[in-house]
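The block underneath contains the structure these notes are about, expressed in structure tokens.
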Amino acid sequence: MGQALCVCSRSAITIENKRYYFIQKLDEGGFSYVDLVEGAQDGRFYALKRILCHDREARQEAQTEVEMHRLFSHPNVLPLAGHAFLERGGKSEACLLLPYISRGSLWSVLEKLRDKSSFMPESRVLHVLHGICAGLKAIHDKGYAHRDLKPTNVLLEEDDRALLMDLGSMNRARIEVRG
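Written as structure tokens, this is what we have:
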């Protein structure tokens, strides 16, 4: 049987006066990392997106992503639980605390189905698409465009509720979108 790690031996980060303990690395991209963290006070799991900001422009882009998350409170847009900007050795790092969705992305769900030579039933596909469209409508209603919608940027809750994520590429829409 495995042993639980003593809290004192785990790395931690403080965001908005709350402490979070690092559990494991989930993913990494060009200039960002996503770690699984656990809240010391609430015991809940979160995804901590850390964005390395090499210059002022990158820091502004990270700040824009924070602002985009704050702009939306919709069941199909991933909410922001907290954030912080850390300065270390002349480098800046943006930390976005997001709910951890254990099921993962639409892409990972579809890959698992493919690996089992299975498929998603039509009713589930329609439910997921309805959630994606509802999230996009919320974004468009505020005059923005997501600009990076793809299966890896859609998370699925256990009930197949779609959550749009990765709002860093969002920008004001150039044309008015009407439904």
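Residue numbers (numbering that gives the first Met the number 0): 0 to 178. Each residue gets a CB set at the ideal place from its N, CA and C atoms; glycine is no exception.
Where the beta strand (DSSP E) through residue i begins and ends
i             : result
leucine 35    : 31-38
aspartate 165 : Element bounds for aspartate 165: n/a, residue is neither H nor E.
glycine 81    : 81-87
isoleucine 50 : 44-52
lysine 17     : 17-27
glutamate 92  : 90-98
Nearest-angstrom beta carbon gap, residue j and residue i [assumed within contact, 8 Å]
i            : j             : result
leucine 135  : glutamate 92  : With 8 Å as the limit, leucine 135 and glutamate 92 do not qualify as a contact, their Cβ atoms being about 30 Å apart.
glutamate 64 : leucine 166   : 6 Å
alanine 172  : histidine 139 : 7 Å
aspartate 26 : valine 33     : 4 Å
serine 122   : arginine 146  : So it is not a contact: roughly 30 Å between Cβ atoms.
Outcome for residue i when other beta-carbon atoms lying within 10 angstroms are tallied against a minimum of 16
i              : result
asparagine 16  : exposed
aspartate 54   : exposed
alanine 11     : exposed
isoleucine 174 : exposed
valine 108     : buried
glycine 1      : The predicted model places glycine 1 with a pLDDT of 41, which falls under 50 and marks its position as unreliable; any figure quoted below should be read in that light. By the 10 Å Cβ count, glycine 1 comes out exposed.
Nearest candidate by alpha-carbon position, reference residue i, set the options
i              : options                      : result
glycine 42     : Glu110, Phe21, Arg171, Lys90 : Phe21
isoleucine 14  : Ser122, Tyr45, Thr63, Leu25  : Tyr45
proline 98     : Asn170, Lys48, Ser168, Gly29 : Lys48
leucine 77     : Phe30, Leu125, Leu96         : Leu96
isoleucine 39  : Tyr19, Leu109, Leu79, Tyr32  : What sits at residue 39 in the sequence shown is alanine, not isoleucine. The residue with the shortest Cα to Cα distance from alanine 39 is Tyr19.
asparagine 170 : Leu25, Glu66, Tyr32, Arg9    : Glu66
glutamate 86   : Leu79, Cys94, Ala80          : Cys94
glycine 89     : His82, Arg58, Glu27          : Arg58
proline 150    : Val124, Pro120, Gln62        : Val124
glutamine 23   : Ser31, Phe84, Arg9, His68    : Arg9
- Any 3 or more C-beta pairs closer than 8 Å across the stretch 122-135 and the stretch 155-164: The stretch 122-135 is in contact with the stretch 155-164.
- Item | Stretch-stretch touch, CB-based, cutoff 8 Å, three pairs: the stretch 61-75 with the stretch 106-117 | Using a Cβ-Cβ distance cut-off of 8 Å, the stretch 61-75 and the stretch 106-117 are not in contact, since fewer than three pairs of beta carbons, one from each stretch, lie closer than that value.
- Would you check if the stretch 151-158 and the stretch 90-107 touch, i.e. whether three or more CB-CB distances between them fall below 8 Å? Because the criterion of three Cβ pairs below 8 Å is met, the stretch 90-107 and the stretch 151-158 touch.
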